[in-house]
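Here's the structure, in structure tokens; my notes come after.
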Amino acid sequence: RDDKTDAALQVIAAPTLGSAPDLTLIAEWQGRLWGVGRLKRDDLRYTEAGTAHAWSALNTLPIGHIGDDRFGITGFAPRREGLGVGRWNRLLQITGNTRANIRPVGFTENCGFLSQESIVVYRDAIFFLWQDGVYQWDSDGLVCLSDKAGVGSWFKGNSTFNPAMFSQAFAVFDRLHLRYRLFLCTPTSIVPDRWIEYSLQTGKFYGPHLTTAFTPTCAFGVRAIDDRTYSMIGSREGYLSQDS
Numbered sequence: 682r683d684d685k686t687d688a689a690l691q692v693i694a695a696p697t698l699g700s701a702p703d704l705t706l707i708a709e710w711q712g713r714l715w716g717v718g719r720l721k722r723d724d725l726r727y728t729e730a731g732t733a734h735a736w737s738a739l740n741t742l743p744i745g746h747i748g749d750d751r752f753g754i755t756g757f758a759p760r761r762e763g764l765g766v767g768r769w770n771r772l773l774q775i776t777g778n779t780r781a782n783i784r785p786v787g788f789t790e791n792c793g794f795l796s797q798e799s800i801v802v803y804r805d806a807i808f809f810l811w812q813d814g815v816y817q818w819d820s821d822g823l824v825c826l827s828d829k830a831g832v833g834s835w836f837k838g839n840s841t842f843n844p845a846m847f848s849q850a851f852a853v854f855d856r857l858h859l860r861y862r863l864f865l866c867t868p869t870s871i872v873p874d875r876w877i878e879y880s881l882q883t884g885k886f887y888g889p890h891l892t893t894a895f896t897p898t899c900a901f902g903v904r905a906i907d908d909r910t911y912s913m914i915g916s917r918e919g920y921l922s923q924d925s
């Protein structure tokens, strides 16, 4: 106990705690928050363990290749053993649990994340969209699911979807039917007016699907009163649609 004012105590604590950056992406992993600032898109920032407010400037990891593009870090995917971090053409995994041993480990420079909203994690497997298709990243490595299922042509070229809008794609995992559901734009559209589904049970893709009832704008999971998670679709018209 001392006679310092509250204002003085705030000044003393500030250098240790740091100020929360203006974040564009954020994720939780290993009891910390991890984020990317709006201005320094190549830097991965993280909080002190067990806090949501202590953003020390020392807790910064540059994610190479620095300045390689204007997008910087484009997505997070928390797994059991590491935090997946992606740029447009690179995937890494963050390991460690203290500032002394937290470090990025390169995984591949032939693939990356285009859209944070296309990333879904289910049972420690990451599903996401890249330039040439839908991928799965797990403990066994990286595989292009769309090529494996024989629908790679959907994503290579512009006859099925608009590749210029892949960065605006979004997805949700249907836990009831074990399907990765991805929303995309048709070749002449800049609105996500179609969706496809990859079934973990059959290893096949289904679609593209269309509804004339509404225009999808987002998708997410909601836990119901029976404790099961149901996937829902938000629409531009202001409604929510739930699978039956």
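Counting from 682, one number per residue, gives the positions in the sequence shown under our numbering. Glycine residues also receive a C-beta, built at the ideal position from the N, C-alpha and C atoms.
| Residue nearest to Lys885 in terms of C-alpha spacing, selected from Gly833, Asp749, Ile775 | Gly833
| Ser678: first and last residue of the uninterrupted alpha helix (DSSP H) it sits in | Residue coverage of the chain in this structure runs from 682 to 925, which leaves residue 678 outside it and unanswerable.
| said: Rounded to the nearest angstrom, what separates Asp828 and His734 at their Cα positions? | reply: Here the alpha carbons of His734 and Asp828 stand approximately 43 Å from one another.
| Pairing CB atoms from the region 850–860 with CB atoms from the region 893–903, are three or more of them under 8 Å? | yes
| query | Okay, do the region 782–796 and the region 754–771 touch, 3+ Cβ pairs below 8 Å being the bar? | reply | yes
| Count the other CB atoms within 10 Å of the CB of Arg875; is the residue buried (16 or more) or exposed (fewer)? | buried
| task | Pick out whichever of Gly748, Ser916, Leu714 has its Cα sitting closest to the Cα of Met704. | result | Correcting the residue identity first, residue 704 is Leu in this sequence and not Met. Closest option to Leu704, Cα to Cα, is Leu714.
| message | Just to confirm before moving on: does the CB-CB distance between Val801 and Tyr861 stay below 8 Å? | response | yes
| Is the distance from the Cβ of Ile747 to the Cβ of Arg722 below 8 Å? | Their beta carbons are not under 8 Å apart, which means Ile747 does not touch Arg722 by this criterion.
| For Ile871, is the classification buried or exposed, using 16 other Cβ atoms within 10 angstroms of its Cβ as the cut-off for buried? | By the neighbour-count criterion, in which 16 or more other beta carbons inside 10 Å mark a residue as buried, Ile871 falls on the exposed side.
| query | So Gly699 packs on Leu706, CB below 8 Å; how close in whole Å? | reply | Not really, about 18 Å apart at Cβ, beyond 8 Å.
| query | Can you pull the DSSP bridge partners for His890? | reply | Trp876
| request: Please state if the CB of Phe757 and the CB of Ala830 are separated by a distance shorter than 8 Å. | output: no
| beta strand (DSSP E) runs wholly inside the region 758–806, at least 3 long, in chain order | 764–768, 771–776, 784–789, 801–803
| Closest to Ala850 by CA distance: which of Gln923, Ile877, Ile744 is it? | Ile877
| Considering only residues of the same chain and omitting the five flanking positions on each side of Ile783, which have a CB-CB separation below 6 Å? | For Ile783, where only same-chain residues beyond five positions count, the Cβ hits under 6 Å are Gly777.
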